[in-house]
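K.L.:
Sharing a structure below in structure tokens format, with a few things to ask.
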Amino acid sequence: MDQENQCSGSCDSCSSKESCPDFPKPTKKDVCKVIAVGSGKGGVGKSSVAALLAVALAKRGDSVGVLDADITGPSIPKLFGITERPKGDESGKIIPPKTEKLGISIMSMNLLLDDPKAPVVWRGPLIGGVVKQFWDDVEWGKLDWLVVDLPPGTADAPLTVMQTIALDGMVIVTTPQELSALIVGKQARLAEMMKVPILGIVENMSYVKCPKCGEILNVFGPSHSEEIEKAFGISTIAKIPVTDGFAAMADDGTIESFSDEAVLGALVDGIL
Ligand SMILES: Nc1ncnc2c1ncn2[C@@H]1O[C@H](COP(=O)(O)OP(=O)(O)OP(=O)(O)O)[C@@H](O)[C@H]1O
Numbered sequence: 001m002d003q004e005n006q007c008s009g010s011c012d013s014c015s016s017k018e019s020c021p022d023f024p025k026p027t028k029k030d031v032c033k034v035i036a037v038g039s040g041k042g043g044v045g046k047s048s049v050a051a052l053l054a055v056a057l058a059k060r061g062d063s064v065g066v067l068d069a070d071i072t073g074p075s076i077p078k079l080f081g082i083t084e085r086p087k088g089d090e091s092g093k094i095i096p097p098k099t100e101k102l103g104i105s106i107m108s109m110n111l112l113l114d115d116p117k118a119p120v121v122w123r124g125p126l127i128g129g130v131v132k133q134f135w136d137d138v139e140w141g142k143l144d145w146l147v148v149d150l151p152p153g154t155a156d157a158p159l160t161v162m163q164t165i166a167l168d169g170m171v172i173v174t175t176p177q178e179l180s181a182l183i184v185g186k187q188a189r190l191a192e193m194m195k196v197p198i199l200g201i202v203e204n205m206s207y208v209k210c211p212k213c214g215e216i217l218n219v220f221g222p223s224h225s226e227e228i229e230k231a232f233g234i235s236t237i238a239k240i241p242v243t244d245g246f247a248a249m250a251d252d253g254t255i256e257s258f259s260d261e262a263v264l265g266a267l268v269d270g271i272l
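Right, dumping it as structure tokens:
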């Protein structure tokens, strides 16, 4: 429906207010900024970048939470090595577990499943319901930042999340071979439709640095970041190299040990 053309100006009586970008979403007085991390396509490292952004912010002493809104493909708990189930308090609120090292609060569908390896085969409305619960019913406490790991793509699932949570900004993750104008353009259009400011692009797996001679190898092709900046006015926040030991860190749940301070610093600077 073309909401803009049919808008009577009265939200109270409107049956499509929940999906309308102009309808104010609930804000949380205790959560200062909510930043979404999205990607036009799966497998580009979106969850890894969301986790690194949370690590970078927590390392500067900020209080941080991660809401894993990738309901059907949740990978945030694994990256942080969290298996503990969230607890409930006496008022019925859900208390998210915190990471051991930096005390980052984590909420994910994977922490609620009896079998975390079982697939979640849900459609939009159910996914929307869970995300709403993660937003409304989780006692996040006082947070400087809530990082939201969006579902990949530009279809129903990320749209549902963006309709449910009041986002202050979005970071787009891509890789050199995925960084086509088409994919970034779609993501930019989605953010624009939902009136969410785009903070910038993170080009993941951008290059490989030879550990012996330091030569930079563009194994996934040349960067397209300048082209994207010209076409859409979206700047590149950080270029993250293919990092030796990254998969092991993700498998062991030790992403908090990521120590490339240049990358962490660039991620923080990009959203401040
Ligand atoms: N910079 C990097 N260097 C090396 N490996 C990486 C890097 N970034 C991500 N990876 C690896 O790439 C794989 C995909 O990463 P990740 O799960 O974060 O992607 P995703 O975009 O969130 O995927 P999905 O769309 O399935 O949720 C993982 O095995 C991860 O460890």
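Residue numbers (full-length UniProt numbering): 1 to 272.
Backbone N, C-alpha and C fix where the C-beta goes; we use that ideal spot for every residue, glycine too.
In this text, all values refer to a predicted model and were calculated from it rather than measured experimentally.
1. Leaving out five residues on either side along the sequence, give the residues of the same chain with a beta carbon under 7 Å from the beta carbon of A266.
2. Within the same chain, show all residues whose beta-carbon is closer than 8 Å to that of K98, passing over the 5 residues directly before and after it, in chain order.
3. If you draw a straight line from the C-alpha of A15 to the C-alpha of T164, how long is it?
4. Near S206, what residues of its chain come up, given a Cβ to Cβ distance below 7 Å and the 5 sequence neighbours on each side ignored?
5. Taking a contact to mean a Cβ-Cβ separation below 8 Å, would you say A51 touches F80 in this structure?
6. From the DSSP output, in three-state form, read off V268 for me.
7. Which value, in whole angstroms, describes the spacing of the CA atoms of G92 and R85?
8. Please report how far the alpha carbon of T72 lies from the alpha carbon of F232, in whole angstroms.
9. Does I95 come out as helix, strand or coil in the three-state DSSP assignment?
10. Candidates V31, A250 and G253: which alpha carbon is nearest V138's?
11. What span of residues does the beta strand (DSSP E) with D68 cover, start to end?
12. Please go through the same chain and pick out, in chain order, the residues whose beta-carbon is closer than 6 Å to the beta-carbon of V196, but skip the five residues on each side of it.
13. Let me know the alpha helix (DSSP H) ranges lying completely inside the region 123-168, each 4 residues or longer, listed in chain order.
14. Around the Cβ of T154, are there at least 16 other Cβ atoms within 10 angstroms (buried) or fewer (exposed)?
15. Just verifying my parser: in three-state terms, what is the DSSP assignment at K101?
16. Tell me whether V263 sits in a helix, a strand or coil according to DSSP, three-state version.
17. How big is the Cα-Cα spacing for D251 and W145?
18. Is the separation between the beta-carbon of E227 and that of A181 shorter than 8 Å?
19. Exposed or buried, P211, counting other C-beta atoms within 10 Å across all chains shown (16 or more means buried)?
20. Contact defined as beta carbons within less than 8 Å: I believe A69 pairs with V148. What is the distance between those atoms, to the nearest angstrom?
21. Could you pull out every residue in the same chain whose Cβ sits closer than 6 Å to the Cβ of L264, ignoring the five residues on either side in sequence?
22. Check each residue's C-beta against every heavy atom of ligand 2 and list, in chain order, those closer than 6 Å.
23. Near P74, what residues of its chain come up, given a Cβ to Cβ distance below 6 Å and the 5 sequence neighbours on each side ignored?
24. Starting from G40, follow the alpha helix (DSSP H) in both directions and report where the run begins and ends.
25. Does the beta-carbon distance from residue 281 to G40 come in below 8 Å?
26. Can you name the start and end residues of the beta strand (DSSP E) that K239 belongs to?
27. If you measure between the beta carbons of A191 and I183, is that distance less than 8 Å?
P.N.:
With the given structure in hand:
1. Close CB contacts of A266 within its chain, under the 7 Å cut and outside five residues either way in sequence, are with I237 and A238 (chain order).
2. Leaving aside the five residues that flank K98 on each side, the residues in its chain whose CB is nearer than 8 Å to its CB run, in chain order, I104, S105 and I106.
3. In the sequence on display, residue 15 carries Ser and not Ala. Using only the alpha carbons, I get a separation of about 15 Å.
4. If you ignore the 5 residues before and after S206, its C-beta comes within less than 7 Å of the C-beta of P176, S223, K239, I240 and P241, all in its own chain and listed in chain order.
5. A contact, by the Cβ cut-off of 8 Å.
6. Under the three-state reduction of DSSP, V268 is assigned to helix.
7. Computed Cα separation, rounded: 15 Å.
8. Distance between the alpha carbons of T72 and F232 is about 30 Å.
9. Three-state DSSP puts I95 in a strand.
10. Ranking V31, A250 and G253 by Cα distance to V138 puts V31 first.
11. From DSSP, the beta strand (DSSP E) with D68 extends over V64 to D68.
12. So the list reads L167 and M170, once near-sequence residues are dropped.
13. Runs found: 124-136 and 156-164.
14. With 16 or more other Cβ atoms from the protein chains shown falling within 10 Å of its own Cβ, T154 counts as buried.
15. Residue state for K101 is assigned as coil, using DSSP reduced to three classes.
16. Residue state, collapsed to three classes: helix.
17. Cα to Cα, D251 sits roughly 25 Å from W145.
18. Yes. Within cutoff.
19. P211 comes out exposed.
20. Going by Cβ atoms, the distance from A69 to V148 rounds to 5 Å, so yes, they are a contact pair.
21. Correct list, in chain order: A56.
22. The model on display carries ligand 1 but not ligand 2.
23. Within the same chain, D68, S108, M109 and N110 come within 6 Å of P74 by CB-CB distance, once the 5 residues on both sides are set aside.
24. No alpha helix (DSSP H) contains G40, which DSSP labels as neither H nor E.
25. The question about residue 281 has no answer here: the residues shown for the chain are numbered 1 through 272.
26. Judged by DSSP secondary structure, K239 falls within the beta strand (DSSP E) whose first and last residues are T236 to K239.
27. It is not a contact, given that the beta carbons lie outside the stated cut-off.
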